[in-house]
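There are 4 protein chains.
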Amino acid sequence: MAVRAAVAGASGYAGGEVLRLLLAHPEVEIGALTGNSNAGQRLGALQPHLLPLADRVLAETTPEALAGHDVVFLALPHGQSAAVAEQLGPGVLVIDMGADFRLKDPADWETFYGSPHAGTWPYGLPELPGARAALEGSKRIAVPGCYPTAVSLALYPAYAAHLAEPEAVIVAASGTSGAGKAPKPHLLGSEVMGSMSPYGVGGGHRHTPEMIQNLSGVAGERIAVSFTPTLAPMPRGILATCSAKAVAGVTADSVRAAYDKAYADEPFVRLLPEGQWPATASVQGSNAVQVQVAYDGSVGRIIAISAIDNLTKGTAGGAVQSMNIALGLDETTGLSTIGVAP
Amino acid sequence: MAVRAAVAGASGYAGGEVLRLLLAHPEVEIGALTGNSNAGQRLGALQPHLLPLADRVLAETTPEALAGHDVVFLALPHGQSAAVAEQLGPGVLVIDMGADFRLKDPADWETFYGSPHAGTWPYGLPELPGARAALEGSKRIAVPGCYPTAVSLALYPAYAAHLAEPEAVIVAASGTSGAGKAPKPHLLGSEVMGSMSPYGVGGGHRHTPEMIQNLSGVAGERIAVSFTPTLAPMPRGILATCSAKAVAGVTADSVRAAYDKAYADEPFVRLLPEGQWPATASVQGSNAVQVQVAYDGSVGRIIAISAIDNLTKGTAGGAVQSMNIALGLDETTGLSTIGVAP
Amino acid sequence: MAVRAAVAGASGYAGGEVLRLLLAHPEVEIGALTGNSNAGQRLGALQPHLLPLADRVLAETTPEALAGHDVVFLALPHGQSAAVAEQLGPGVLVIDMGADFRLKDPADWETFYGSPHAGTWPYGLPELPGARAALEGSKRIAVPGCYPTAVSLALYPAYAAHLAEPEAVIVAASGTSGAGKAPKPHLLGSEVMGSMSPYGVGGGHRHTPEMIQNLSGVAGERIAVSFTPTLAPMPRGILATCSAKAVAGVTADSVRAAYDKAYADEPFVRLLPEGQWPATASVQGSNAVQVQVAYDGSVGRIIAISAIDNLTKGTAGGAVQSMNIALGLDETTGLSTIGVAP
Amino acid sequence: MAVRAAVAGASGYAGGEVLRLLLAHPEVEIGALTGNSNAGQRLGALQPHLLPLADRVLAETTPEALAGHDVVFLALPHGQSAAVAEQLGPGVLVIDMGADFRLKDPADWETFYGSPHAGTWPYGLPELPGARAALEGSKRIAVPGCYPTAVSLALYPAYAAHLAEPEAVIVAASGTSGAGKAPKPHLLGSEVMGSMSPYGVGGGHRHTPEMIQNLSGVAGERIAVSFTPTLAPMPRGILATCSAKAVAGVTADSVRAAYDKAYADEPFVRLLPEGQWPATASVQGSNAVQVQVAYDGSVGRIIAISAIDNLTKGTAGGAVQSMNIALGLDETTGLSTIGVAP
């Protein structure tokens with residue numbers, strides 16, 4: 000019997016991507032699609048790439064519209080998910096693709112978001128140690144941020160194996176869809192094509208505490224993170240270039256062994272052969288993560304680089320992967336490791 | 000029992016795309032992968048987006064390597080397919096993604112290709128009147144060119160309904176993957192990003208006689224074609240802007256009715272609602288065709304515009320769709336109408 | 000003694016481009032810069048590429064702010080220029096980069112803009128026959144639209160030499176800056192990168208009557224125009240692909256001779272050597288126009304293609320070129336034919 | 000009296016850019032243009048954006064062709080400049096845009112280039128302490144690499160003021176023109192559009208020792224550099240994101256003061272107002288450098304970011320700026336700080 004899924008916030012990029020994936024999911028039947036400013040419009044006008052749903056009309060995001068589903072995906076502005084989840088009741092699987100339930104420390108939340116903390120839900124990055132067990136059977140899932148997904152998968156094996164000192168330096172380039180669909184001057188095609196630019200420099204990006212939480216969790220000590228995001232002239236993709244000082248005794252071989260071990264059995268993470276580096280185009284539209292790592296002996300640093308599709312593995316694909324685990328389905332159901340390239 | 004498929008020319012863009020689609024095809028098992036200059040290399044180094052095939056190694060394109068398959072896809076330079084097909088024998092389904100067997104008139108072939116004509120195979124554009132019947136059970140298929148696919152689907156309903164005079168003016172923009180993977184200076188990223196440029200102007204493009212053949216076939220008279228291709232700064236996609244003078248008595252309603260009728264039951268072609276225009280991003284990675292048509296009364300012309308993915312519906316998707324028909328499978332098996340956007 | 004110039008609408012793309020050019024103009028001193036919603040802001044925050052003006056602050060667009068200049072460039076929404084020009088008085092050179100004073104026929108204006116016609120000013124496309132004389136000493140200039148600039152320069156030699164039948168079919172691709180800086184969802188980088196799409200199909204684009212006016216003026220008969228604009232994934236540039244049926248007796252040589260003659264002495268228009276085709280990247284940031292023409296005997300059509308930078312020759316460069324003529328300066332002062340490529 | 004300049008290697012990107020700048024230089028007359036594989040071709044076919052030079056024909060790169068000039072710019076593959084310079088004699092100003100004479104330490108050269116060291120010439124980054132004096136009157140100039148230009152200008156004020164610990168972590172994104180015009184598969188538009196990818200990871204990039212040399216020189220101690228270059232989907236531009244641990248006592252104010260002091264009088268470097276970050280589009284085609292710096296107290300790191308045009312300030316603009324100094328001209332002659340944006 001099919002899993003019936005609703006999507007709240009179906010007109011945005013995260014909502015569109017989760018629909019794209021659910022349309023290919025053999026166990027899911029797509030139920031209600033809701034929006035706010037776009038309620039009443041045909042989905043074909045808002046998401047013209049989703050032809051099979053073109054004639055569906057967006058409802059208002061109300062408890063009534065979302066009732067009667069097995070799974071509800073929330074693609075809402077932060078601060079709204081708690082109320083919706085409460086109305087849906089404890090028996091419905093609620094998957095929040097926003098930030099509200101990612102952070103464990105209320106002080107972190109309040110510092111970066113300036114509002115009271117709503118709580119913490121099981122974290123939808125199954126590749127992290129212990130994460131799968133917390134997701135199995137859960138009725139609430141907090142989908143990670145796109146940057147924390149890319150960064151955590153690039154660096155966690157080094158910290159899990161205690162190979163790196165507790166300060167990571169991260170520079171990540173993201174496609175523009177990560178900034179959402181609300182029109183703003185600096186996101187115009189005229190502005191972004193042909194240009195690279197940083198933002199949120201100096202520790203201010205809201206994904207920073209989430210990275211610290213993930214890396215510290217596996218390291219067993221607090222990991223400091225210097226994170227600089229940059230906007231790249233492409234619609235999708237994150238390339239995360241991460242590095243940390245190696246502890247004494249680390250070699251290129253010990254680094255590689257740690258990554259080999261971490262990802263030997265992961266269905267979506269691929270440690271590339273030595274000498275081959277990730278490219279975001281290779282994972283476009285897929286749930287795959289390409290990872291490569293090097294040890295630079297001249298400076299004693301481990302450099303780990305990952306490429307993901309920010310909308311797929313970084314948002315909606317991670318959400319569907321976590322849903323599969325929560326529902327007891329095969330984790331890879333409906334998901335692909337094949338990118339759309341060139 | 001699975002259909003066993005080989006791909007000759009697996010290192011190029013057409014070969015990579017057919018593999019991407021076959022990986023998602025439930026009835027197909029991927030057999031031999033061959034190349035010439037790249038024989039002996041891992042596919043992971045050549046097509047890094049096809050993770051499930053990363054460890055496969057390319058064989059030389061020889062009869063031995065291609066033997067023992069139910070279907071062989073040829074992604075070869077023109078002039079080579081006839082010899083390979085002959086070696087494979089009459090019982091194997093051979094699907095040529097090159098140009099060799101598309102044209103019916105040997106004189107056209109010789110004019111545009113400068114070599115003897117190899118023959119004509121059933122034409123893999125099922126949406127054209129009569130094409131499906133010719134494909135059913137066939138053991139040889141000539142996959143259309145990418146531009147002729149886009150142009151024929153934009154214009155044929157107007158000619159089938161005898162609404163347009165026999166001269167079409169076509170300007171099409173193509174993504175750079177249409178020019179292939181062989182490195183040439185004018186195809187460098189540095190040259191194509193930020194630039195639009197025409198090529199093959201004045202009737203010289205080799206796809207022109209194929210368009211004439213298709214449109215003339217449905218019109219029952221010779222259709223002259225003025226075709227100007229342009230190179231657009233994007234990896235994939237064709238936008239074909241086509242127009243022709245309307246015959247007397249044509250109205251906006253009669254034009255729309257002809258297109259409605261032509262595409263009412265086509266699984267991959269979508270006539271968009273009035274007022275919505277095709278965009279290549281909406282069909283990226285999918286086998287869908289978006290079509291829109293208008294009648295400009297001020298000049299008495301029908302303007303028909305289509306968007307396809309040149310590698311999917313324009314090459315490898317059309318090939319798989321035709322294979323499904325030839326093998327008696329559901330025509331849509333393994334193919335999608337959902338684009339990867341944004 | 001320097002010409003003192005003000006720019007009304009300095010925060011948009013046309014305003015920014017005219018400032019970029021005026022900064023390099025040896026006879027011009029930049030005076031007031033005005034805006035409306037952006038009044039009070041530093042130009043450095045709005046036009047970060049104009050470093051020498053970074054600390055200038057935008058004033059409100061008022062008669063007082065614009066008073067005391069020799070030249071005032073207007074980059075305003077249509078409908079506002081007439082009132083501003085009247086306030087400035089007849090002795091000030093007013094150069095309108097908007098649409099208000101381009102069309103001669105009030106009925107055309109009212110059909111396409113839905114408001115009363117403001118009048119007609121000398122037309123700032125000096126390459127058109129008779130245009131230079133009308134600009135010399137003029138105190139009012141209507142700068143052409145970007146598409147009409149590209150299309151008129153591609154086609155007028157054919158019509159001036161009476162080589163073409165009176166119906167032109169035009170498909171043009173424009174960079175996104177042509178759509179302006181006001182943020183709209185379909186202009187987001189996420190939407191435009193990787194995508195080609197048409198708009199204003201079927202005769203509805205407001206630049207259509209301006210093309211008809213220009214071509215009819217040189218032909219001495221009414222030229223019908225089928226015009227389809229498309230949005231291309233690049234910030235700047237227009238590639239206009241134009242064609243028309245040749246009249247009897249036309250040959251490739253007679254076509255080429257007509258273009259050679261038309262552009263032999265034009266400082267900004269370059270008829271390319273046979274076999275070389277325009278590319279928008281080659282004219283990026285320059286006032287140059289690249290033109291090529293072919294005669295396709297198989298369909299009896301002349302195909303003429305031009306490439307311009309929509310913001311330079313298509314807007315601000317054409318404005319400065321016209322200013323030079325009006326003020327009696329050398330027409331090329333401060334302007335370049337050198338593109339920024341790759 | 001005009002300075003007569005020749006360009007050896009005029010068909011590539013560096014050669015084309017230096018010609019673009021020299022065409023706008025009021026004191027320079029362009030003499031011989033040479034190439035090797037392209038000798039005998041019209042420049043118009045190779046550099047179609049340089050319309051004023053379109054009919055010039057490339058000569059072979061021989062001593063005879065280059066004789067009789069005041070200045071010779073070399074845009075040659077590494078290893079060739081020494082022989083050419085020797086043939087030109089000591090009285091000609093030779094400006095090498097290649098790598099041959101940048102490094103002081105022969106061991107560095109041999110490690111990274113695998114050939115004997117040719118020597119060291121005055122270094123054409125005038126903004127570095129002491130560099131201007133060495134360039135004045137010099138007849139030999141080594142133009143810096145594009146990455147070392149961006150990185151040195153981002154970081155040197157911090158090291159000159161002894162604010163940072165001696166290990167810098169740098170991730171830089173470059174447009175594809177930095178990889179040159181020789182066609183290679185991974186540089187095809189189809190491959191680079193929509194993709195970010197790293198290369199030369201782990202200390203192997205040849206620009207690394209040059210960065211170390213520059214930063215160590217101002218710091219008075221050896222600065223270790225972890226450098227990761229990435230290829231971005233744009234033709235031009237470098238965004239260099241650089242960071243280093245701050246020494247004890249550093250504050251946001253002391254960092255800003257150091258940068259203010261370093262760049263107060265530099266004509267081409269602009270320290271942006273606080274809160275505004277560099278973007279490569281803002282410096283496109285200009286010799287400007289946009290710099291911003293922040294102190295992230297949570298990790299105790301200084302983050303300095305610069306944006307340059309890799310072909311202008313990063314190569315040919317730096318070359319012309321250095322030429323101006325060597326010849327006793329005003330340093331800014333013929334150069335602009337105005338970018339071509341959007």
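Protein chains in written order, with numbering that gives the first Met the number 0: chain S, 0 to 341; chain D, 0 to 341; chain V, 0 to 341; chain Z, 0 to 341.
A virtual CB, placed ideally from N, CA and C, is assigned to each residue, including glycine.
Item: Beta strand (DSSP E) segments (min. 3 residues) lying fully within the region 211–240 of chain Z; Value: 223–230
Item: Pairwise C-alpha distance: V298/D and G201/V; Value: 9 Å
Item: T110/S at chain Z interface by Cβ criterion, 7 Å; Value: no
Item: R300/V, DSSP secondary structure in three states; Value: strand
Item: N-terminal and C-terminal residue of the alpha helix (DSSP H) that P156/D is part of; Value: C145 to A159
Item: Contacts around L162/S, its chain only, beta-carbon distance under 7 Å, and the 5 residues preceding and following it disregarded; Value: A245, V246, V249, S253, V254, A257 and I301
Item: Partners in chain V for G193/S, counting only beta-carbon separations shorter than 7 Å; Value: P234
Item: Chain V contacts from the region 152–167 of chain D (Cβ-Cβ distance under 7 Å); Value: E166
Item: Near-chain V residues of the region 188–219 of chain D (beta-carbon distance less than 7 Å), N- to C-terminal order; Value: S189, E190, G193, S194, M195, S196, P197, Y198, V200, G201 and G202
Item: Three-state class that DSSP yields for V91/S in the structure shown; Value: coil
Item: Interface flag, T240/S vs chain Z, CB-CB below 7 Å; Value: yes
Item: According to DSSP, residues forming a beta bridge with Y262/V; Value: In the DSSP output, where bridge partners are listed per residue, Y262/V has none listed.
Item: Any C-beta of chain Z under 7 Å from that of S253/D; Value: no
Item: Close-in-space but distant-in-sequence residues of the same chain around L50/S (CB under 7 Å, 5 per side omitted); Value: none
Item: Neighbour-count burial assignment, V56/Z, 16 or more Cβ in a 10 Å radius; Value: exposed
Item: Residues near A159/V by beta carbon distance below 6 Å, same chain, minus five either side; Value: V217
Item: Members of the region 267–283 of chain S near chain V, C-beta cut-off 8 Å; Value: none
Item: Segment limits, beta strand (DSSP E) that includes R131/Z; Value: It is not in any beta strand (DSSP E) - R131/Z instead sits in the alpha helix (DSSP H) that spans A130 to L134.
Item: Rounded C-alpha distance that separates A343/S from P277/V; Value: Since the first and last residues shown for chain S are 0 and 341, residue 343/S lies out of range.
Item: Against chain Z: residues of the region 285–300 of chain V by CB proximity under 7 Å; Value: A287
Item: The region 146–159 of chain Z in contact with the region 223–241 of chain Z per 3-pair CB rule at 8 Å; Value: yes
Item: Buried versus exposed call for A263/Z [16 or more other C-beta atoms within 10 Å across all chains shown]; Value: exposed
Item: Range covered by the beta strand (DSSP E) that runs through A31/D; Value: V27 to G34
Item: Which listed residue (F72/S, G78/S, P105/S and A5/S) has its alpha carbon closest to that of S321/S; Value: F72/S
Item: Range of the contiguous alpha helix (DSSP H) that encloses E107/D; Value: Residue identity check: residue 107/D is Asp in the sequence provided, not Glu. Where D107/D is concerned, the enclosing alpha helix (DSSP H) stretches over P105 to Y112.
Item: Within-7 Å CB hit, P341/Z to chain S; Value: yes
Item: Of the residues A64/S, A74/S, P105/S and A106/S, the one placed nearest Q86/S, counting alpha carbons only; Value: A64/S
Item: Cross-chain neighbours of S176/D in chain A, by beta carbon under 7 Å; Value: The chain labelled as chain A is not found among the protein chains of the depicted structure, namely S, D, V and Z.
Item: Cross-chain neighbours of P182/Z in chain D, by beta carbon under 8 Å; Value: P182, K183, P184, L186 and L187
Item: According to DSSP, residues forming a beta bridge with K244/D; Value: R300/D
Item: DSSP state of E164/V mapped onto helix, strand, coil; Value: strand
Item: Limits of the unbroken beta strand (DSSP E) element including L22/V; Value: Careful: L22/V lies outside any beta strand (DSSP E), inside the alpha helix (DSSP H) at Y12 to L22.
Item: Cβ-Cβ separation, A141/D to G123/D (assumed contact under 8 Å), whole Å; Value: 6 Å
Item: For G203/Z, the nearest candidate out of D104/Z, W108/Z, A1/Z and V27/Z (CA to CA); Value: W108/Z
Item: CB contact below 7 Å: A172/V versus chain D; Value: yes
Item: Alpha carbon of K271/S to alpha carbon of A82/Z, nearest angstrom; Value: The sequence shown places Leu at residue 271/S, not Lys. So the two alpha carbons sit approximately 43 Å from each other.
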